[in-house]
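Undergrad: Shown below is the structure under consideration.
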Amino acid sequence: MDLRQLRYFVRVAEELHFGRAAAQLGISQPPLSQQVRALEEELGLTLLERTSRRVKLTEPGRLFLVEARRTLEQAGRTVEAARRIRLGEVGELSIAFTASVAFVPAVTSALFRFRQSHPNVHLRLQEAARETQIADLAERKLDLGFVRGPDAPHLPAGLVATPFVEEDLLVAMRSDHEFARGDAKIQLAALAAEPFIFYDRMLGSGFNENVFALFRSGGFEPNIVLEASGPTTLLGLVAAGFGMTVVARSLSTLHLDNVSYREIDSPAAVSRLWLVHHQIMASAGQSLVQMMTL
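Under this note's numbering, the letters of the sequence shown match residues 336 to 629, in that order.
The structure is reproduced here in structure tokens:
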């Protein structure tokens, strides 16, 4: 028994006429009669009562018609589901990002657009350090990751890093600090003796590398006095006067009392955000990557 035989039987049962059913199906009557007869033989049931003048459903035929319609409807839904999976319209994507990425407008707007255009794709989001993301991507626990770093991260075979966004790096300080006065960019050398607060080395390794590379370009290592687990804690400690920090420009949209932001006078004062993903992905993942890299 196949779906074609079921379609043939349903059409004959609805028309109660082999000629009209054959015309609607676009075939001649003899093959139609043969297929319906083959279905009856396979089932061991007489589905249709045939005479020279009419076709009538038997009682087994009426009962089987209900199930045949259900089967065809389910088959149609299955084919449609396969089409939507192929086009990336349904499924699930696991995405990870480092703490500060949630503040990047290009990321949040792209995720919003994707959710609007793909309402049946479930996005499972989590915050994770760069090394954790790469390990989880390699084990296919993740589909995509967002990491920061001055250069593309070293990746296992099968993964690629696509440059996504570049942001200026700013210094965040208490508003009563002498460097907060005026609008001129701060010289790197002026920061050498200042106390700094940075992300925990495990949680913010990629961003920290970015900032350390900036300071080394100025010929010094930062004076780190505290580490914090996230951007809000980082800026809260700045407001409390424990030291300065360096943030991507997108984070300066967080307006805290007693915290000011200043630009740095250096071409190296740039944070790079990378989209890390598999070279071969399911359609939903491909759609998201394409949307984010347009």
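Backbone N, C-alpha and C define an ideal beta-carbon position, used for all residues, glycine too.
With distances taken between CB atoms, is the gap from residue 428 to residue 478 smaller than 7 angstroms?
TA: Cβ distance < 7 angstroms, so residue 428 and residue 478 count as in contact.
Undergrad: Out of 375, 373, 346, which one is the CA nearest neighbour of residue 361?
TA: Checking every option, the nearest Cα to that of residue 361 belongs to 346.
Undergrad: Tell me whether residue 508 is buried or exposed, calling it buried when 16 or more other Cβ atoms sit within 10 Å of its Cβ.
TA: Result: buried.
Undergrad: Check for me: the beta strand (DSSP E) holding residue 559 runs from which residue to which?
TA: Note, residue 559: beta strand (DSSP E), 558 to 563.
Undergrad: Using three-state DSSP, classify residue 545 as helix, strand or coil.
TA: Three-state DSSP puts residue 545 in a helix.
Undergrad: Please classify residue 585: is it buried, with 16 or more other beta-carbons within 10 angstroms of its beta-carbon, or exposed?
TA: Result: buried.
Undergrad: Taking the DSSP output, what are the residues bridged to residue 612?
TA: 479, 495.
Undergrad: Going by C-alpha to C-alpha distance, which of 534, 624, 553 sits closest to residue 521?
TA: When only C-alpha atoms are compared, the closest one is 553.
Undergrad: Count the CB pairs spanning the segment 476 to 496 and the segment 607 to 621 that are closer than 8 angstroms, and state whether there are at least three.
TA: Flag = yes, the segment 476 to 496 and the segment 607 to 621 touch.
Undergrad: Please report how far the alpha carbon of residue 558 lies from the alpha carbon of residue 444, in whole angstroms.
TA: When rounded, the distance between both Cα atoms is 36 angstroms.
Undergrad: So who's on the other strand from residue 524, going by DSSP bridges?
TA: Paired residue(s): none; residue 524 is not in a bridge.
Undergrad: Give the DSSP-derived three-state secondary structure of residue 583 in the structure shown.
TA: Strand at residue 583.
Undergrad: With a CB to CB cut of under 6 angstroms and the five nearest residues on each side skipped, what residues in its chain are close to residue 600?
TA: For residue 600, where only same-chain residues beyond five positions count, the Cβ hits under 6 angstroms are 520, 522.
Undergrad: According to DSSP, is residue 440 part of a helix, a strand, or is it coil?
TA: Of the three classes helix, strand and coil, the one that applies to residue 440 here is helix, per DSSP.
Undergrad: Whole angstroms is fine: what's the gap from residue 534's alpha carbon to residue 621's?
TA: When rounded, the distance between both Cα atoms is 32 angstroms.
Undergrad: Sort 513, 496, 376 by Cα distance to residue 340 and report the nearest one.
TA: Of the candidates 513, 496, 376, the one whose C-alpha sits nearest the C-alpha of residue 340 is 376.
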